[in-house]
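K.L.:
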Amino acid sequence: MNQTSSRLLELLSLLQGRRDWPGQELSDRLEVSGRTVRRDVERLRRLGYPVESLTGPAGGYRLAAGTAMPPLLLDDDEAIAIAVGLRTAAGASVTGIEETAVRALVKLEQVLPAHLRRRVQALGASTVTLAVPGPTVDPQHLSVIAACCRDSECLRFSYRARDGADSRREVEPQALVNRGRRWYLVAWDRRRRDWRTFRLDRLSTPGSTGVRFAPRTLPARDAAAYVEQSIAGTRNRFEARITLHAAAAELAERVPPWAGTIEPIDAVSCELRTGDDNLRWLAMRIAMLGVDFEVHEPPELVEHLRVLGDRLARAVGRI
430 MNQTSSRLLE LLSLLQGRRD WPGQELSDRL EVSGRTVRRD VERLRRLGYP VESLTGPAGG
490 YRLAAGTAMP PLLLDDDEAI AIAVGLRTAA GASVTGIEET AVRALVKLEQ VLPAHLRRRV
550 QALGASTVTL AVPGPTVDPQ HLSVIAACCR DSECLRFSYR ARDGADSRRE VEPQALVNRG
610 RRWYLVAWDR RRRDWRTFRL DRLSTPGSTG VRFAPRTLPA RDAAAYVEQS IAGTRNRFEA
670 RITLHAAAAE LAERVPPWAG TIEPIDAVSC ELRTGDDNLR WLAMRIAMLG VDFEVHEPPE
730 LVEHLRVLGD RLARAVGRI
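The numbering used here runs 429 ahead of the 1-based position in the sequence shown.
(1) Within 10 angstroms of the Cβ of L741, are there 16 or more other Cβ atoms? Answer buried if so, exposed if not.
(2) If we ignore side chains and look at the alpha-carbon of each, how far apart do S482 and L437 end up?
(3) For T703, count neighbouring Cβ atoms within 10 angstroms of its own Cβ and tell me buried if that reaches 16, exposed if not.
(4) For a cutoff of 8 Å on Cβ pairs, would you count H725 as touching chain C?
(5) By DSSP, does E692 sit in helix, in strand, or in coil?
(6) Sorted by chain position, which residues of the same chain lie with C-beta nearer than 7 Å to Q432's C-beta, five sequence neighbours on each side aside?
(7) Pair every Cβ in the region 622-642 with every Cβ in the region 581-595, then say whether three or more of these pairs are closer than 8 Å.
(8) With a threshold of 6 Å on Cβ separation, who are the neighbours of D630 within its own chain once the five nearest residues in sequence on each side are excluded?
(9) When we look at the beta-carbon of V724 and count the other beta-carbons within 10 Å, is it buried (16 or more) or exposed?
(10) N607 bridges to which residues according to DSSP?
(11) Given that a residue counts as buried once 16 or more other Cβ atoms are within 10 Å of its Cβ, and exposed if not, what is G689?
(12) Look up D705 in the DSSP assignment and give the residues it is bridged to.
(13) Taking V513 and L552 to be in contact with their CB atoms under 8 Å, please state how far apart those CB atoms are, rounded to whole angstroms.
(14) Since E515 and L571 are thought to touch, with beta carbons under 8 Å apart, how far apart are those beta carbons, to the nearest angstrom?
(15) At the level of alpha carbons, what is the spacing between V656 and L473?
(16) With a cut-off of 8 Å, do at least 3 Cβ pairs link the region 593-613 to the region 574-583?
(17) How is the beta strand (DSSP E) around V640 delimited, first residue to last?
(18) Between F667 and E729, is the Cβ-Cβ spacing less than 8 Å?
(19) Quick check: the Cα distance between W791 and R475, rounded to an integer number of angstroms?
(20) I'd like the list of long-range same chain contacts for L443, defined as Cβ closer than 7 Å, with 5 residues on each side in sequence excluded.
(21) In terms of alpha-carbon separation, which member of D506, R447, E726, D592 lies closest to L492?
(22) Is S587 helix, strand or coil when you go by DSSP?
(23) Taking 8 Å as the cut-off, decide whether the C-beta atoms of T517 and P568 are in contact.
(24) Select from R709, A676, L441, V684 the residue whose C-alpha is nearest the C-alpha of V697.
(25) Between F627 and L647, is the Cβ-Cβ spacing less than 8 Å?
(26) Verify whether the separation of the beta carbon atoms of L701 and L734 is less than 8 Å.
(27) Can you tell me the Cβ-Cβ gap for S555 and R610, rounded? I've got them flagged as a contact below 8 Å.
(28) From what residue to what residue does the beta strand (DSSP E) around A489 run?
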């Protein structure tokens, strides 16, 4: 794009950043006349960018989506941000995303300027992503559910609860929430007439019913906050009460809200209430706090820690 001026690049960047632009607003942003904007739009069209004219009293422009779209215009920071995202996709929780991300990164590198290509290639040569084991979700499921959230269309799917019970749900989907290795759907359950969160790795055969709904008001600040509340309020198979021999303020940052609650006992000790469905993981979480502690309940955790302690003692004794 040798013949493209800096103003033309700025116009293209504006059109890529928002769906519709009134002509006068583009003139104001670029500090040029409406005639100059029209001339620049024609230049973009000749370069292959499908810029549509909008009808109406003020007129305007839109950069249409299409298979013949030339490469996106990216500044240095945007290109690096995309490359970092693609490089780290191997640790994501979406099925097959690793291979797709590699293909996309190869395409990105082919259209980058030489100085950016070197930076992106250096990033790739120096970065190793450690994939964390765990359940993954189907990208097709994500796209179907996301479309229903966007279009306010009711959604049906099969769901397997934590206890293994299967059910068929019909919901009004509100939002998708990604929480590390877990994806959650926040939705209004039409049969139970209440808000629910659904883990996407337990969900199958999602499909739109074609029925529209009026969005409801969430009983939380946003969807992410509702998921955190739901997780914190879920009763675990094993609920633990533990005395920690350290000040509550010292441990507050080590125990996130979803992992339990801490109440001070005195200046040098506090009580932790936490839980999990997996005793092994619960024991490791407590041990990793790095302080002395006493378990009051459940008895299963006490026995598990005793076995773990004996195993560790034997390992140390061999050194």
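A virtual CB, placed ideally from N, CA and C, is assigned to each residue, including glycine.
P.N.:
Taking the geometry as given:
(1) exposed
(2) 17 Å
(3) buried
(4) Here chain C cannot be found, since the structure has a single protein chain.
(5) strand
(6) At Q432, the pLDDT of 40 sits below 50, so the modelled position is not reliable; the number obtained from the coordinates is stated separately. Hits under 7 Å: none found.
(7) yes
(8) P564, V566
(9) buried
(10) W612
(11) buried
(12) F667
(13) 7 Å
(14) In the sequence as displayed, the identity of residue 515 is Leu instead of Glu. Actually they are not in contact, since the Cβ atoms of L515 and L571 sit about 17 Å apart, beyond 8 Å.
(15) 45 Å
(16) yes
(17) 632-641
(18) yes
(19) Residue 791 is absent from the model: the chain starts at 430 and stops at 748.
(20) W450, L455, R458
(21) R447
(22) strand
(23) no
(24) A676
(25) no
(26) no
(27) 25 Å between Cβ atoms; not a contact.
(28) Note that residue 489 corresponds to Gly in the displayed sequence, not to Ala. Its beta strand (DSSP E) spans residues 489-492.
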